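Engineer:
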Amino acid sequence: MTGGAGYIGSHTVVELSLAGFHPIILDDFSNSNRSVLDGIERILGTRPETMEVDCRSHKALSAAFQSITARHAISGVIHFAAYKAVGESTKHPLKYYTNNVGSTSELLQTMGEFEVANLVFSSSCTVYGQPDSIPVDEKAPIAMAESPYGYTKQVCERIIRDVHASNQPLNTALLRYFNPIGAHPSSHIGELPLGHPNNLIPFLTQATAGLRDPLTVFGDDYPTEDGTCIRDYIHVVDLAKAHVAALNWLASRSEACEAFNLGTGQGNSVLEVIHSFERVNGVEVPHRIGPRRDGDITAIFADPAKAGTAFDWSCEKSLDDALRDAWNWQRALQS
Ligand code: NAD
Ligand code: WQD
Numbered sequence: 000m001t002g003g004a005g006y007i008g009s010h011t012v013v014e015l016s017l018a019g020f021h022p023i024i025l026d027d028f029s030n031s032n033r034s035v036l037d038g039i040e041r042i043l044g045t046r047p048e049t050m051e052v053d054c055r056s057h058k059a060l061s062a063a064f065q066s067i068t069a070r071h072a073i074s075g076v077i078h079f080a081a082y083k084a085v086g087e088s089t090k091h092p093l094k095y096y097t098n099n100v101g102s103t104s105e106l107l108q109t110m111g112e113f114e115v116a117n118l119v120f121s122s123s124c125t126v127y128g129q130p131d132s133i134p135v136d137e138k139a140p141i142a143m144a145e146s147p148y149g150y151t152k153q154v155c156e157r158i159i160r161d162v163h164a165s166n167q168p169l170n171t172a173l174l175r176y177f178n179p180i181g182a183h184p185s186s187h188i189g190e191l192p193l194g195h196p197n198n199l200i201p202f203l204t205q206a207t208a209g210l211r212d213p214l215t216v217f218g219d220d221y222p223t224e225d226g227t228c229i230r231d232y233i234h235v236v237d238l239a240k241a242h243v244a245a246l247n248w249l250a251s252r253s254e255a256c257e258a259f260n261l262g263t264g265q266g267n268s269v270l271e272v273i274h275s276f277e278r279v280n281g282v283e284v285p286h287r288i289g290p291r292r293d294g295d296i297t298a299i300f301a302d303p304a305k306a307g308t309a310f311d312w313s314c315e316k317s318l319d320d321a322l323r324d325a326w327n328w329q330r331a332l333q334s
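Numbering (numbering that gives the first Met the number 0), first residue to last: 0 to 334.
(1) Could you tell me if the beta carbon of Arg33 falls within a distance shorter than 6 Å of some heavy atom in the ligand NAD?
(2) His21 by DSSP, collapsed to three states: which one?
(3) List, from N- to C-terminal side, the alpha helix (DSSP H) runs of 4 residues or more that fit wholly inside the stretch 52–114.
(4) Examine the ligand WQD and report whether any of its heavy atoms sits within less than 6 Å of the Cβ of Leu199.
(5) Give the secondary structure of Cys314 by DSSP, where H, G and I count as helix, E and B as strand, and everything else as coil.
(6) Go through the stretch 208–253 residue by residue and report every complete run of the alpha helix (DSSP H) that reaches 4 residues or more, in order.
(7) Looking at C-alpha atoms only, which residue of Gln167, Ser9 and Gly3 is the closest neighbour of Gly181?
(8) DSSP beta-bridge partners for Ser9?
(9) Grab me the residues of Tyr150's own chain with a C-beta within less than 6 Å of its C-beta, minus the 5 sequence neighbours each way, in chain order.
(10) Taking three-plus beta-carbon pairs below 8 Å as touching, is the stretch 316–328 in contact with the stretch 269–281?
(11) Below 8 Å, how does it come out for the stretch 222–233 and the stretch 251–270: are there three or more Cβ pairs, yes or no?
(12) Could you give the distance in angstroms between the alpha-carbon of Ser34 and the alpha-carbon of Asp136?
(13) Less than 8 Å between the CB atoms is what I'm expecting for Pro213 and His286, so what's the real figure, rounded?
(14) What would DSSP say about Glu277, mapped onto helix, strand or coil?
(15) Taking DSSP as the reference, what is the three-state secondary structure of Pro201?
(16) Using DSSP with H/G/I as helix, E/B as strand and the rest coil, what is His286?
(17) By DSSP, does Asn117 sit in helix, in strand, or in coil?
(18) What does the alpha-carbon distance come out to for the pair Tyr148 and Tyr96?
(19) Considering only DSSP beta bridges, list what Thr1 is partnered with.
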């Protein structure tokens with residue numbers, strides 16, 4: 000699992016282990032903290048096997064694959080490693096192209112050399128931009144990317160499709176995540192944004208904890224019922240479980256290369272999220288209405304039927320569960 004020490008990766012380590020897999024984390028800890036390994040150990044009772052690897056380095060990846068294949072058969076690779084801050088990507092595009100695209104091509108090269116075919120790739124609903132109709136399914140066209148970050152996901156999907164169409168055996172699930180939120184219900188792992196959070200939930204929890212200025216709601220003049228943007232917020236544990244299901248699906252295929260939406264199928268506005276958070280946790284979220292944020296689309300939520308059928312998977316947790324777990328995680332971080 001490249002990037003396995005990150006937010007989605009750490010929850011997936013837990014779910015894979017509970018399902019009987021032996022996950023191995025390859026991470027350079029550029030956007031994560033080694034303390035996440037303690038959290039995983041508290042949940043599972045064992046420390047996950049971890050290698051410090053920069054996936055941009057073919058030499059480092061080869062050494063890791065060499066060491067792993069000497070001991071285990073690799074049933075698949077989950078490629079989480081990437082930078083993900085949309086705003087930063089517009090200021091430092093080369094940082095994003097080098098890491099996100101570079102790591103993916105080095106990884107594909109190494110997988111070919113070691114004859115590993117099964118790949119689960121972390122893509123994003125950002126590839127759709129503002130779709131013509133919602134819920135959006137996988138047949139919707141890919142939109143012109145709004146940011147270098149978004150473009151790296153489109154390019155990586157294309158690189159994977161091109162390699163799949165070549166002579167190199169590759170069996171891939173391209174997972175397009177909607178908005179992952181929440182934390183493990185144990186509060187031992189969760190999202191650890193380094194520095195100023197840009198995403199809604201980490202900013203909201205930090206503002207509510209008094210660590211930040213009040214949350215700014217980015218615009219209330221959108222053509223939605225309450226004027227604020229609509230997104231599909233999926234509990235990170237449900238998302239993690241989808242990776243287990245995707246690996247099992249790949250094990251039953253040999254030459255797949257397919258995209259899957261991973262969302263709940265339900266859209267919620269920013270104000271609905273704030274009010275649900277207040278109701279579920281019995282706290283007040285300090286917030287004010289501000290101007291729109293550049294690049295935001297009005298509304299998107301998933302049609303997750305394809306993943307539901309293929310993976311025999313569906314979301315088990317509600318928005319309330321995710322908001323409760325997010326707040327408990329924020330409080331655990333401060334205690
Ligand atoms: P994250 O930053 O928490 O995790 C990414 C991990 O990758 C980090 O531990 C980081 O240290 C590691 N990493 C980065 N570059 C690396 C490199 N060159 N070599 C080795 N490790 C490296 O992010 P996340 O939220 O867990 O996201 C995981 C993946 O899912 C990313 O590809 C991201 O683009 C994608 N994604 C995330 C979201 C979201 O909202 N969180 C939504 C859609 C897609
Ligand atoms: C959610 C909603 C904001 C912060 C991003 C990436 C996307 C994917 C998921 C990786 C929006 C509003 C936010 C704030 C606010 N990531 N908001 N005040 O923009 O849907 O998607 O993360 O692939 O590619 O673009 O997520 O959490 O930033 O915003 O009002 O302080 O909350 O306008 O409507 P977004 P987000």
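Glycine included, every Cβ here is placed at the ideal spot set by N, Cα and C.
Note that the structure is predicted; figures quoted are calculated from it, not measured.
Structural biologist: Inspection of the coordinates gives the following:
(1) Checking every heavy atom of the ligand NAD against the Cβ of Arg33, none is found closer than 6 Å.
(2) Here His21 sits in coil by DSSP.
(3) Here the runs fully enclosed are 57–68, 85–90, 92–95 and 101–112.
(4) yes
(5) coil
(6) 235–250
(7) Ser9
(8) Partner(s): none; Ser9 has no beta bridge.
(9) Cβ neighbours of Tyr150 beyond the five flanking positions: Ala144.
(10) The stretch 316–328 is in contact with the stretch 269–281.
(11) yes
(12) 37 Å
(13) Yes, they are in contact, since the Cβ atoms of Pro213 and His286 sit about 5 Å apart, within 8 Å.
(14) helix
(15) helix
(16) strand
(17) strand
(18) 8 Å
(19) Leu25 and His78
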